[in-house]
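Heads up: the sequence shown begins at 406 in the working numbering, then just goes up one per residue. From the three backbone atoms N, C-alpha and C, an ideal C-beta is built for every residue, glycine too. None of the values given here were measured: they were computed from a predicted structure.
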Amino acid sequence: MYPQLRIDLSKIRKNLDTVVSIAKQGGCSLMIVTKGFCADEHIVGEILKNDYVSYLADSRVQNLASYVDKAHMAGKETVLLRLPMLCEIEDVVRYADISQNSELETIRALDAEAAKQNKKHKVILMIDMGDLREGMFFQDEEAILKTCCEILKMEHVVLEGIGVNLSCYGAIIPKPDNLGGLCAIAEKIEKKFSIRLNIVSGGNSSSVYLIPKGELPAKINNLRLGESFILGNETAYSQRIPGTYNDAVTLRAQIIELKHKPSLPIGDVGVDAFGQVPSYEDRGWIDRAIFAVGKQDMNPDGLTPLNTKADVLGASSDHLIMDVTKENYKLGDTVDFSLDYGALLKLFTSAYIDREYI
Ligand SMILES: Cc1ncc(COP(=O)(O)O)c(C=O)c1O
406 MYPQLRIDLS KIRKNLDTVV SIAKQGGCSL MIVTKGFCAD EHIVGEILKN DYVSYLADSR
466 VQNLASYVDK AHMAGKETVL LRLPMLCEIE DVVRYADISQ NSELETIRAL DAEAAKQNKK
526 HKVILMIDMG DLREGMFFQD EEAILKTCCE ILKMEHVVLE GIGVNLSCYG AIIPKPDNLG
586 GLCAIAEKIE KKFSIRLNIV SGGNSSSVYL IPKGELPAKI NNLRLGESFI LGNETAYSQR
646 IPGTYNDAVT LRAQIIELKH KPSLPIGDVG VDAFGQVPSY EDRGWIDRAI FAVGKQDMNP
706 DGLTPLNTKA DVLGASSDHL IMDVTKENYK LGDTVDFSLD YGALLKLFTS AYIDREYI
């Protein structure tokens with residue numbers, strides 16, 4: 406059935422091998438982030454088969470729950486990336502071996518719940534190195550050390566390491582200086598408490614570019630990679646990673662209407678279905694195709710039509726409209742699209758999209 410995501414598992418394996426070899430080169434253990442494909446079980450299956458990947462990570466505890474047993478059977482740990490909500494502590498302890506945290510109150514709740522479940526729960530303390538999303542602010546070293554001291558007193562929570570997230574809210578690029586700052590904090594924690602942190606996690610797909618340049622600080626020993634794996638993009642400078650495919654997952658949509666019509670709407674322009682005032686390019690009369698997929702499932706700006714001279718004009722919640730004047734399509738024909746990360750995320754999240762594994 407259409408619309409469908411076409412998932413090429415051999416290309417996925419190739420992407421995985423490529424990010425694994427980059428992580429190895431950088432001396433990093435690897436968390437593969439599964440949220441972009443909503444923990445699709447076949448893609449997760451490929452990750453579980455890879456010996457180098459030690460962790461599967463996701464921001465949604467429901468996704469971790471879907472594969473935690475299989476992950477454990479494959480000798481891998483599960484990691485909750487988004488800071489836990491106080492209302493989900495029980496599930497976090499149940500389904501995540503490790504969670505990223507920045508609030509002592511939350512960590513105390515994890516400790517209490519882990520005691521109840523008779524478990525040890527590992528935490529990565531997040532440090533904000535300037536991106537201004539999650540984490541204890543890097544300049545407040547006293548507070549960071551105090552929090553570590555409190556965690557180290559806990560019986561059921563283990564301080565597994567520290568981590569940073571960049572290139573998200575503030576779009577701050579990982580560099581030897583900000584990552585070096587994280588390493589310096591790790592060293593201070595280790596020295597003050599005479600411990601060894603198992604994980605110093607240096608960020609997401611935006612840190613990948615530093616490895617071939619030899620600029621990832623040596624103390625960074627872990628990366629959490631999503632987009633670089635599934636789409637082959639390094640996200641600091643939006644470059645493709647050599648040896649990866651960015652069409653391992655594509656969308657196939659079907660034409661439900663083909664008409665010759667003007668390119669400009671007729672009448673007074675108000676707002677579109679999403680409350681925006683639209684703007685249109687005057688292309689004269691064109692062949693227009695409507696495809697049965699819409700903004701409820703994807704973001705039309707994130708689609709690139711493949712092997713066609715047709716181009717995307719726009720979309721409403723259920724309809725994608727393309728100018729197909731330069732093609733000879735007929736009703737029922739399909740077009741394939743490659744995807745950006747936003748479109749991929751929405752398409753996997755939509756309940757209206759079929760999946761075909763090739
Ligand atoms: C905390 C954290 N780490 C890592 C990632 C993975 O990011 P990317 O897909 O850019 O590799 C994300 C986002 O999914 C995240 O929120």
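Consider the C-beta atom of residue i and the heavy atoms of ligand 1; say whether any pair is separated by less than 7 Å.
i, result
"residue 609", "yes"
"residue 438", "yes"
"residue 565", "no"
"residue 640", "yes"
"residue 362", "The question about residue 362 has no answer here: the residues shown for the chain are numbered 406 through 763."
"residue 488", "no"
"residue 434", "no"
"residue 747", "no"
"residue 507", "no"
"residue 441", "yes"
"residue 583", "no"
"residue 418", "no"
"residue 513", "no"
"residue 643", "no"
"residue 465", "no"
"residue 627", "no"
"residue 570", "yes"
Excluding the five sequence neighbours on either side, which residues of its own chain have a C-beta within less than 8 Å of the C-beta of residue i, listed in chain order?
i, result
"residue 516", "526, 559, 560, 561 and 562"
"residue 493", "466"
"residue 600", "557, 564 and 594"
"residue 550", "593, 594 and 597"
"residue 528", "503, 504, 505, 506, 512, 515, 556, 562, 563, 564 and 565"
"residue 524", "498 and 561"
Going along the chain, which residues of its own chain have a beta-carbon closer than 7 Å to the beta-carbon of residue i, five neighbours each way excluded?
i, result
"residue 616", "427, 430 and 431"
"residue 610", "630, 631, 632, 633, 638, 639 and 640"
"residue 469", "463, 483, 485, 500 and 501"
"residue 444", "463, 468, 471 and 472"
"residue 713", "732 and 740"
"residue 497", "466, 485, 489, 504 and 515"
"residue 555", "509"
"residue 750", "441"
"residue 417", "448, 451 and 653"
"residue 704", "747, 748 and 751"
"residue 581", "620 and 622"
The alpha helix (DSSP H) spanning residue i covers which residue range?
i, result
"residue 532", "Not the alpha helix (DSSP H): residue 532 falls in the beta strand (DSSP E), residues 526-533."
"residue 496", "494-500"
"residue 424", "414-430"
"residue 467", "466-478"
"residue 633", "632-635"
Leaving out five residues before and five after residue i in sequence, what residues of the same chain have Cβ atoms less than 6 Å from its Cβ?
i, result
"residue 700", "720 and 722"
"residue 436", "460, 462, 484 and 629"
"residue 552", "509"
"residue 652", "743"
"residue 520", "561"
"residue 371", "The first residue shown for the chain is 406 and the last is 763, placing residue 371 beyond what the model contains."
"residue 569", "532, 534, 587 and 608"
Residue i lies in the beta strand (DSSP E); which residues open and close that run?
i, result
"residue 710", "708-710"
"residue 462", "460-463"
"residue 452", "Run containing residue 452: none in the beta strand (DSSP E); it sits in the alpha helix (DSSP H), 446-454."
"residue 437", "434-438"
"residue 482", "482-485"
Let me see if you follow: with CB-CB separation under 8 Å, is residue i close to chain C or not?
i, result
"residue 423", "Here there is only one protein chain, and chain C is not present."
message = With three or more C-beta pairs closer than 8 Å as the rule, is the stretch 726-739 touching the stretch 691-707?
response = yes
query = Hey, is the stretch 669-676 in contact with the stretch 749-756, meaning 3+ C-beta pairs nearer than 8 Å?
reply = no
task = Would you list, in sequence order, the uninterrupted beta strand (DSSP E) runs of no fewer than 3 residues that lie entirely inside the stretch 664-694?
result = none
key: Stretch pair the stretch 619-628 + the stretch 641-653: three plus CB contacts closer than 8 Å   = no
ask   = Where are the beta strand (DSSP E) runs, 3 residues long or more, that stay fully inside the stretch 692-758, in chain order?
value = 708-710, 716-720, 725-728 and 739-744
request  = Pair every Cβ in the stretch 666-673 with every Cβ in the stretch 450-459, then say whether three or more of these pairs are closer than 8 Å.
outcome  = no
ask   = Curious, which full-length beta strand (DSSP E) runs of at least 3 residues does the stretch 543-572 contain?
value = Entirely contained in the stretch 543-572, the beta strand (DSSP E) runs reaching 3 residues are, in chain order, 562-568.
query = What residue ranges within the stretch 587-630 form continuous alpha helix (DSSP H) runs of no fewer than 4 residues, ordered along the chain?
reply = none
task = Let me know the alpha helix (DSSP H) ranges lying completely inside the stretch 500-524, each 4 residues or longer, listed in chain order.
result = At a cut-off of 4 residues, the continuous stretches assigned as alpha helix (DSSP H) that sit fully inside the stretch 500-524 are 509-521.
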